[in-house]
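Numbering (this note's numbering), first residue to last: 90 to 251.
The next block holds one structure in the form of structure tokens; read it before the comments.
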């Protein structure tokens, strides 16, 4: 059953072309819920993409607790490596904590890392930072905001599902 929803009134659309842009994108994605089956790498297009349900931190500042379906993709991806993520379990939900960029010795190439709770991560070897985040809808209310403990992990009981 789909959660009660309403259209994304102020759909977020962000482009990241450097590590500073990527930090902003990461802040908006903090605590997004991502189903393993909604993660894909298309090697011949050198594109890595995922769909998730991001907690809207900007709405929370206005007193609204909401999530919104969003899409994230990276261009110029040469290789993808996963840690503690099993493609054989497509219904597992990952909680995204941060997205970072580590430049190579010869920028602009480097590694973009997506860090998830529980120690899971995805490393993308990229030619350069080129990412886009777009709210795709729907948007729905949740019972609580995500809460972190002192290790930076999510309180798994603090937020409702995607």
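Ideal placement from N, C-alpha and C gives every residue a C-beta, glycine not left out.
Bear in mind that the values here come from a model prediction, so they are computed numbers and not experimental data.
If you look at residue 142, you'll find it in the beta strand (DSSP E) that goes 136 to 144. Residues of the same chain with a CB within less than 6 Å of the CB of residue 212, apart from the 5 flanking positions on each side, are 170, 200, 202 in chain order. In the DSSP assignment, residue 110 falls within the unbroken alpha helix (DSSP H) covering 108 to 118. Cβ contact annotation for residue 166 (same chain, cutoff 6 Å, sequence separation greater than five): 135, 137, 213, 215, in chain order. For residue 117, the number of other beta carbons within 10 angstroms of its own is at least 16, and it is reported as buried.
Following the DSSP letters along the chain, one finds residue 210 inside the beta strand (DSSP E) bounded by residues 210 to 215.
Taking C-beta atoms as the reference points, residue 145 and residue 185 fail to come closer than 8 Å.
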